[in-house]
Every structure is written in C-alpha cells, then in structure tokens.
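J.: The sequence shown begins at 0 in numbering that gives the first Met the number 0 and counts up one residue at a time.
Where a beta carbon is used, it is the ideal one built from N, C-alpha and C, also for glycine.
One structure follows; several queries about it will come next.
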Amino acid sequence: MLGCYLACRTQRAPSHFGGVPGENVIGICEDQAAWDEAAARSFYPFVAYRYGWLKGWAAANPRLTPLFVASMDDKGSCEYVCPLYLDEKERVLTGAAGITPGFVSANVDPHEVVTYLLGEARRRKVRKIVLQIPPGYSYCNHLLRSGFALRRKVSFYVLSLDGIDSFGDFVNLVPNKGKRCDIKLALRGGLASCRGEYSPEAHRRFAPFLEEMATRHGAALPDESLYRIVADDYGPDLLFWVATHGGADVGSALTLASGGRLWIMWLQGGERHRHLKVDTFLYAEIVRYAIENGFGAVNFGTSPIDTPLGDFKRRLGAQLEFHEQYELDLALSAAIRRCGSHLKGYLRARHAHGE
C-alpha cells in the first residue's frame, strides 16, 4: 500500500499517519473502515467512492494505481475523501476513471486538496489532473481560479422512487405510453430473470452480453478480477442478473446497492433477442426489486444527452443529474497557452480603458 505523503502541512505527530494533534492533514488513507465511513456520509454518496470499488477497478486496469486521498485527523478518522487514480501510462492523476468523482463527504473548499495534488503531480511527474465533481458542489469557481478548465458534463439518469409504493405504481407513472406498453409486452413475453451474488458461474452467464456490447462500441472490458474483488467488499450488495427465455440466456445486468440507491452498472440484452424487449424487461425487473427492498432511487447510469439510450432512460421516467469534469493541464505548452490567454485579457482591459 502507498505510504502517507503530506503536502499541505508538514509537521508530524506520534500517530500512525503523521499530523499535528487536533489538526487535519491531507494524505493517503490506509484505513478502509475510516475511508468507507467518510464515503457513506458523502453529500452525494456515489457507489464508486467505496474502498473496494477503487481497489477492484485498479486491479482490473493494471496501469491504474488507486490514490485514497483524504483529510484525516490525528486518530486516522477521515473528514472527507477524494478518490483518485494515477494513470501510469498517460501520467494523469484522474478522478474520472471508473466514474469516480472527487471532493466527497462534505462541501469541501478544494484549496488544500489542490495544493496537495499539485505537490503529488510534481513528485510523480504527472502531466494532468482530472477531477469529476458531483452535483450540488458549491466551490467549482475555486477550481477555475486554480487554473482548472471545465471540459465536459457527464449526464447520469436517475429514477426517484419517492411516492412509488408498488411496481404497479411505477408502470402507471412511466411518462411515455410506448414504454408502458413495452414493459407490459416484455412481462407477457415469456421472459424470466434470476439474480445472485458473484460466483464464477454467475460471471460466465453475465459476461457474453457485456462482451457483445463492448465489441459493438469498441470498448475495453474489465478483467474478471474487478467483480471478484468488489464482491469481497460489497457482498450481497453486488448482484448479477440474467434474463432467460425458453431456457436460454438472452441478456444480463450488474447492480450495486450503496447509499440508499440501486446502481445499474451494466445492462445489455442480446442483439438477436431485441424483439423480446429484453433491455426494457431487465430495467423493469431491477426497478421492481428496488421498490420491494426499500431503495429511494435507481441510478440508470451515464449516457450522453440526445442519444437513443439517453432517450430510452428518460422515457422510463429517469431524470438527469450532471457531474462536471475539470482538468488542469500541467504540460509546459498548456502553461504557455494559459499565460498567453491571461496576457491577452490584460491587454484588452488596458486598451478598453485607453491606457
């Protein structure tokens, strides 16, 4: 495990990670229980904040090293956490790999974390810092003043279950008539679903449909070690779903329960079975499970706006939530461009005032 590197405060105390008694320090948290406790009280408890997810995603992507950056007191308790990875190949400190935002557990002024990350970037010869900020965060202007640029918004689709007491209520409240008909057609079409915790057999049945989706989009697949490691941490909160028809597997999904939400991490119906409305059936069955087990919302995952998949989720009743992705380019050419931009702004202001 990585050691604890202190950048914002350099005084040491006789504790297991260093720091001044009564004063927090920024560093690498090695205590999984302390990390997960802080992540659980995040103002936006994203599923990928948890220690096991970061560790699993890195294990499945060998070029990534997880960095458990946190503000800790002298007893090792975390005030807030900032989950990041070091991309060894691209030389980037990123909070956007595996959809992992930064600055969680409180509405944190980023100054001390950015100071720490800049120190880490110099030490590790990093070219860029990328932070993905969840909705509701109030200090984005501080990032801009620190030289970060807003690069893009990442759209998640979330179905709130407030006021929905039964699966019938959900179907009746689906805003799109065509989707309501699709759900009823899928449920009458002889489809069935089964779900269970991780096992080699569960992964074997799940994987072909994920592979089909990855091939179609030219995407890289995570190694099976991701699911095995995440299952060690999440246990029954990680579920593999398989849709069947006539005794054959026709689609699959993966869900994670965290923070009172059920998160759909992957879902795919087989291309040869599109006429069965397998995707619609799996979404409906997952929503049914969420309602019956008292979840407050179902996160349908991220999809670009104005795409067929985004429209599909919206027609099922999901609403948009935006994460913002900020980047600080530390390459010399980027620094020169920023200086040039500031100089142009200064000269324009001088010209406007007739100086």
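Are Val249 and Gly234 closer than 8 Å when you measure CB to CB?
T.: Not closer than 8 Å, so no.
J.: Using beta-carbon positions only, say whether Phe208 and Ser251 come within less than 8 Å of one another.
T.: Against a cut-off of 8 Å, the Cβ pair of Ser251 and Phe208 comes out as a contact.
J.: Run the CB neighbour count on Gln318, radius 10 Å, all protein chains shown included, and call it buried at 16 or more, exposed below.
T.: With fewer than 16 Cβ atoms within 10 Å of its Cβ, Gln318 is classed as exposed.
J.: Under three-state DSSP, which class holds Asn60?
T.: DSSP places Asn60 in coil when its eight states are reduced to three.
J.: For a test of the three-state rule: what should DSSP assign to Phe147, helix, strand or coil?
T.: Coil at Phe147, not helix or strand.
J.: What did DSSP end up calling Ala95 once you bin it into helix, strand or coil?
T.: DSSP places Ala95 in coil when its eight states are reduced to three.
J.: Rounded to whole angstroms, what is the Cα-Cα separation between Ala218 and Asp73?
T.: Using only the alpha carbons, I get a separation of about 43 Å.
J.: Go to Ser254, then tell me how far its beta strand (DSSP E) extends in each direction, as first and last residue.
T.: The sequence given here has Thr at residue 254, not Ser. Taken as a continuous stretch (DSSP letters only), the beta strand (DSSP E) holding Thr254 covers Ala247 to Ser257.
J.: Less than 8 Å separating the beta-carbons of Ala39 and Ser76?
T.: Contact flag unset, no.
J.: For Ala356, I'd like the list of residues in its chain whose CB is within less than 7 Å of its CB, leaving aside the five on either flank, ordered along the chain.
T.: Residue 356 cannot be examined here, being either before or after the span of the chain that is shown, 0 to 354.
J.: With 16 as the cutoff for other CB atoms within 10 Å, does Arg302 come out buried or exposed?
T.: A quick correction: the sequence has Ser, not Arg, at residue 302. Classification for Ser302: buried.
J.: With DSSP as the reference, please indicate the residues paired to Gln324 in a beta bridge.
T.: Beta-bridge pairing links Gln324 to Gln131 and Arg151.
J.: Helix, strand or coil, according to DSSP, for Tyr115 in the structure here?
T.: The answer is helix: DSSP assigns Tyr115 an H, G or I state.
J.: Less than 6 Å between C-beta atoms, sequence neighbours within five positions excluded: which residues of the same chain meet that for Gly300?
T.: The residues are Ile263.
J.: Select from Thr254, Phe311, Asn23 and Asp310 the residue whose C-alpha is nearest the C-alpha of Glu284.
T.: The shortest C-alpha separation from Glu284 is found at Thr254.
J.: Under 8 Å by Cβ, that's how I've got Leu186 and Gly316 pegged, so tell me the actual separation to the nearest angstrom.
T.: Not quite, the Cβ-Cβ distance comes to about 17 Å (not below 8 Å), so this is no contact.
J.: Quick check for students: name the residue ranges of the beta strand (DSSP E) that lie wholly in the stretch 232 to 308, counting only runs of 3 or more.
T.: You should have 237 to 244, 247 to 257, 260 to 268 and 296 to 301.
J.: Tell me which residues share the same chain as Gly195 and place their Cβ nearer than 8 Å to its Cβ, disregarding the 5 neighbours each side in the sequence.
T.: For Gly195, where only same-chain residues beyond five positions count, the Cβ hits under 8 Å are Ala201, Leu238 and Phe239.
J.: Report the rounded CA-to-CA distance for Met212 versus Trp265, giving the unit in angstroms.
T.: When rounded, the distance between both Cα atoms is 10 Å.
J.: Anyone know if the C-beta pair for Ala95 and Cys28 falls short of 8 Å?
T.: It is not a contact, given that the beta carbons lie outside the stated cut-off.
J.: Going by DSSP, what residues sit across from Gly195 in a beta bridge?
T.: Per DSSP, Phe239.
J.: Please list the terminal residues of the continuous alpha helix (DSSP H) segment that includes Asp168.
T.: Residues Phe166 to Leu172.
J.: Give the straight-line distance between the Cα atoms of Asp141 and His110, rounded to the nearest whole angstrom.
T.: The residue you asked about is not Asp; residue 141 is His in the sequence shown. So the alpha carbons of these two residues sit roughly 7 Å apart.
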